[in-house]
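Residues 312 to 764 (the working numbering) make up the sequence shown, in order. Ideal placement from N, C-alpha and C gives every residue a C-beta, glycine not left out. Here the structure is a predicted model, which is why all the values come from computation and not from measurement. Everything on this sheet refers to the single structure shown next.
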Amino acid sequence: VVADSETATILRVKGPLEFRCQLDSTDGVCRNVISRTFETLRCQVKSESCVLAVCDSPVIIWPNKDTYATPEEITPSTLCEDLYQWIRSGKKSTKKKSKRSLTMSVINLRLMVEVTKPGPVSAPILIKAVQKSHFVRATLPVDCVSMYVIQNLMEALTHQLTEMEKVTLENMKGMTLLVPEPVHFLLPEPKGLVTVVYPTGVPDSQLVTLRKELHQQFELPDDRPYFRRSNAYRFPNEPYKDGYLRNPHLVLTHPTLDNGKVYLVQGIYSYHHYMQDRVDDSGWGCAYRSLQTICSWFQQQGYIERSVPTHKEIQQALVDVGDKQASFVGSRQWIGSIEVQAVLNHLLEITSKIMFVSQGSELASKGRELANHFLTEGTPVMIGGGVLAHTILGVAWSETTGQIRYLILDPHYTGAEDLQVITDKGWCGWKGPDFWDQTAYYNLCLPLRPKVF
């Protein structure tokens, strides 16, 4: 465990380490050579020639030297948060610690090795030897995170190389080596950020035993996929390449209710709304977009590996289950909560509960049921009524007074992926009971987590 909070300041070092060795045909000897090569790499990380360069900064650190860093203000005991402030302002922070920011601060470093060795320069010596052997060369993608100070990072680097050695030997087939791959996962508090080394190219379906061991090691239940690759932690300085906004509700201020508590969606989802993906679905596609948001949640929590379905794929699924005629594919017909339930079941094998509300005024009395859903399942909820569909991401509810507010993600938005506009204009925001048509009926689709890991 290398970090205890999503609001921590951490060091992250990435850099290729070249793995080179010569192997003969004897399996036992090969394994010894591989182990010795990893030991050489560990010694390299511990040597005085090891250098850490802070990305986009003049700071250079020799973690194993007495002359520790440039500039001199950076010392072995400099905390991550102070180093982060120095990089941002050009000087070490002297302010008292205030409350931490809402997101994790990451200091990125490059792992390098000095080429020039200390001491007098000697003439090169050439030795020629002819022998037959199997030469193995690979690039190890070192990716290590640590908290507090530099020393912790170097210990974590050495440990990661040991884990890489273990994974390499366990997955060795003849003379073929699978490159080890570090993956970071953010576990529930207080466990925090954890790094696991997997063999590259081996699918999650073949890592069930390893994942089960990890669940036992970290005392996690076997009903949630904490260690699937698709559930890997994405650092805040790594933008998503698909263009969708993630979790816009995180910037909102929670409403204050007498003796009220807030119950929110758990995990990460993408905001899907009108006019995205070059599809003009304004006026008819709101339930499709709400369904896509739900699918993105299951994808990004590691429950499914398939992509978020398109409008046509959703329509074809409803034809395949016998709910619609073939002419439905390519049409602009609306769908509702029952269809959303059918598509989730058919395409994702996800079951859902349906909550029926005969008129909107009754929604105010559903606080306990909705709070329990977000507490236990934590999935986005699709609500449809009349011709409108929305996504409910949470509720603020008071058990004593019955007061309730709904966190709504509105799929009817047609603009760009502008977080400020979306939150300032209420496309993602807290709504009161009067948000619903008091006389219209509503159906809510509450997706359930499958019990998998």
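Would residue 320 pass as a contact of residue 390 if the rule is Cβ separation under 9 angstroms?
Here residue 320 is taken as the residue at index 9 of the sequence shown, counted from 1. Here residue 390 is taken as the residue at index 79 of the sequence shown, counted from 1. Contact annotation: residue 320 and residue 390 have beta-carbon atoms nearer than 9 angstroms.
For the region 349-358 against the region 465-477, are there 3 or more C-beta pairs whose distance is under 8 angstroms?
A contact is defined here as three or more CB-CB pairs under 8 angstroms, and the region 349-358 meets this definition with respect to the region 465-477.
For residue 610, which residues of its own chain have a beta-carbon under 8 angstroms away from its beta-carbon, when the five flanking residues on both sides are left out?
On the sequence shown, position 299 is the one that residue 610 refers to. Cβ within range, chain order: 541, 616, 617, 618, 619.
Any idea what DSSP makes of residue 448, helix, strand or coil?
In the sequence shown, the residue the question calls residue 448 occupies position 137. Looking at residue 448 - three-state DSSP - the assignment turns out to be strand.
Segments assigned beta strand (DSSP E), at least 3 residues, entirely inside the region 474-521
Fully enclosed beta strand (DSSP E) runs of 3 or longer: 491-498, 503-510.
Would you say the region 738-748 touches the region 516-525, given that touching needs at least three Cβ pairs under 8 angstroms?
When Cβ pairs closer than 8 angstroms are counted between the two stretches, the region 738-748 is seen not to touch the region 516-525, the count staying below three.
Closest to residue 537 by CA distance: which of 578, 548, 563, 569 is it?
Stepping through the sequence shown from its first residue, residue 537 is reached at position 226. When 578, 548, 563, 569 are compared, the shortest CA-CA separation from residue 537 is found for 578.
For residue 655, count neighbouring Cβ atoms within 10 angstroms of its own Cβ and tell me buried if that reaches 16, exposed if not.
Walking along the sequence shown from the start, residue 655 turns up at place 344. Answer is buried; the Cβ neighbour count reaches 16.
Member of 455, 461, 464, 463 whose CA lies at the smallest distance from the CA of residue 475
Locating residue 475 in the sequence shown gives position 164, where the first residue counts as 1. For residue 475, the closest C-alpha among the options 455, 461, 464, 463 is that of 455.
Expressed to the nearest angstrom, what Euclidean distance is found between the alpha-carbon atoms of residue 487 and residue 511?
Stepping through the sequence shown from its first residue, residue 487 is reached at position 176. Stepping through the sequence shown from its first residue, residue 511 is reached at position 200. Straight-line spacing of the CA atoms in residue 487 and residue 511 works out to 12 angstroms.
So residue 700 is in the beta strand (DSSP E); what residue range does that whole segment cover?
Taking the sequence shown and counting its residues from 1, one reaches residue 700 at position 389. Counted as a single uninterrupted DSSP element, the beta strand (DSSP E) harbouring residue 700 occupies residues 699-709.
From residue 385 to residue 718, what distance separates their C-alpha atoms?
Along the sequence shown, read from residue 1 onward, the residue named residue 385 stands at position 74. Along the sequence shown, read from residue 1 onward, the residue named residue 718 stands at position 407. Near 45 angstroms, if we compare the C-alpha coordinates of residue 718 and residue 385.
Considering only C-alpha positions, which residue in the set 644, 582, 458, 629 is nearest to residue 594?
Working through the sequence shown from its first residue, we reach residue 594 at position 283. Closest option to residue 594, Cα to Cα, is 644.
Check whether the Cβ atoms of residue 493 and residue 513 sit closer than 9 angstroms, and answer yes or no.
Here residue 493 refers to the residue found at position 182 of the sequence shown. Here residue 513 refers to the residue found at position 202 of the sequence shown. One thing to note: residue 493 has its Cβ no nearer than 9 angstroms to the Cβ of residue 513.
Residue 711, buried or exposed, once every other Cβ within 10 Å from all chains shown has been counted against 16:
Position 400 of the sequence shown, counted from the first residue, corresponds to residue 711. Classification of residue 711: exposed, given that the 10 Å Cβ count is below 16.
Find out if the Cβ-Cβ distance for the pair residue 334, residue 344 is shorter than 9 angstroms.
Stepping through the sequence shown from its first residue, residue 334 is reached at position 23. Stepping through the sequence shown from its first residue, residue 344 is reached at position 33. The beta carbons of residue 334 and residue 344 sit closer together than 9 angstroms.
Going by C-alpha to C-alpha distance, which of 453, 714, 672, 440 sits closest to residue 349?
Indexing the sequence shown from 1 puts residue 349 at position 38. Closest option to residue 349, Cα to Cα, is 453.
Once you ignore the five residues that flank residue 742 on each side, which residues in its own chain have a CB closer than 6 angstroms to its CB?
Stepping through the sequence shown from its first residue, residue 742 is reached at position 431. Only residues of its own chain outside the window of five on either side were considered, and among them 717, 719 have a CB closer than 6 angstroms to the CB of residue 742, listed in chain order.
First and last residue of the alpha helix (DSSP H) that includes residue 678?
Here residue 678 refers to the residue found at position 367 of the sequence shown. Unbroken alpha helix (DSSP H) run through residue 678: 678-687.
At a cut of 8 angstroms, does the region 636-650 reach the region 680-688 through at least three beta carbon pairs?
No, they do not touch.
Cβ separation of residue 700 and residue 606, assumed to be a contact under 8 angstroms, to the nearest whole Å:
Position 389 of the sequence shown, counted from the first residue, corresponds to residue 700. Position 295 of the sequence shown, counted from the first residue, corresponds to residue 606. Actually they do not touch by this definition, with Cβ atoms about 14 angstroms apart.
Helix, strand or coil for residue 535, going by three-state DSSP, please let me know.
As a first step, residue 535 is located in the sequence shown; it is residue number 224 there, counting from the start. DSSP places residue 535 in coil when its eight states are reduced to three.
For residue 496 versus residue 543, is the C-beta spacing smaller than 9 angstroms?
As a position in the sequence shown, residue 496 is number 185, starting the count at 1. As a position in the sequence shown, residue 543 is number 232, starting the count at 1. For residue 496 and residue 543, yes; Cβs fall inside 9 angstroms.
Going by DSSP in three states, residue 638 sits in which element: helix, strand or coil?
Here residue 638 refers to the residue found at position 327 of the sequence shown. The three-state reading of DSSP puts residue 638 in helix, counting H, G and I together.
Here's a check: name, in chain order, each residue in its chain whose Cβ is nearer than 7 angstroms to the Cβ of residue 599, leaving out the five neighbours to either side.
Locating residue 599 in the sequence shown gives position 288, where the first residue counts as 1. Excluding sequence neighbours, residue 599 sits near 592, 622, 625, 646.
Check residue 362 in the structure and name its three-state DSSP category.
Within the sequence shown, numbered from 1, the residue matching residue 362 stands at position 51. Correct three-state label for residue 362: strand.
Beta-bridge partners of residue 692, as assigned by DSSP:
By 1-based counting over the sequence shown, the position of residue 692 is 381. Residue 692 has 703 as its beta-bridge partners, per DSSP.
Residue from 715, 360, 692, 425 whose Cα sits closest to the Cα of residue 678:
Reading the sequence shown from its first residue, position 367 is the one you call residue 678. Ranking 715, 360, 692, 425 by Cα distance to residue 678 puts 715 first.
Close-in-space but distant-in-sequence residues of the same chain around residue 765 (CB under 6 angstroms, 5 per side omitted):
As displayed, the chain neither begins before 312 nor continues past 764, which places residue 765 out of reach and without an answer.
Return yes when the Cβ of residue 479 is within less than 9 angstroms of the Cβ of residue 489, no when it is not.
Taking the first residue of the sequence shown as 1, we reach residue 489 at position 178. Taking the first residue of the sequence shown as 1, we reach residue 479 at position 168. Yes, the Cβ-Cβ distance between residue 489 and residue 479 is below 9 angstroms.
Here's the rule I'm using: 16 or more other beta-carbon atoms within 10 Å means buried, otherwise exposed. How should residue 422 be labelled?
Translated into positions along the sequence shown, residue 422 becomes position 111. Residue environment analysis places residue 422 among the buried positions, since at least 16 neighbouring C-beta atoms fall within 10 angstroms of its C-beta.
Among 458, 431, 732, which residue has its Cα nearest to the Cα of residue 563?
If you number the sequence shown from 1, residue 563 lands on position 252. The shortest Cα separation from residue 563 among 458, 431, 732 belongs to 732.
Should residue 676 go down as buried or exposed, given a rule of 16 or more other Cβ atoms within 10 Å for buried?
On the sequence shown, residue 676 is found 365 positions in, with the first residue counted as 1. Residue 676 should be labelled exposed.
Pull up the distance between the alpha-carbon of residue 674 and that of residue 739, whole angstroms please.
Here residue 674 corresponds to residue number 363 of the sequence shown, with the count starting at 1. Here residue 739 corresponds to residue number 428 of the sequence shown, with the count starting at 1. So the two alpha carbons sit approximately 19 angstroms from each other.
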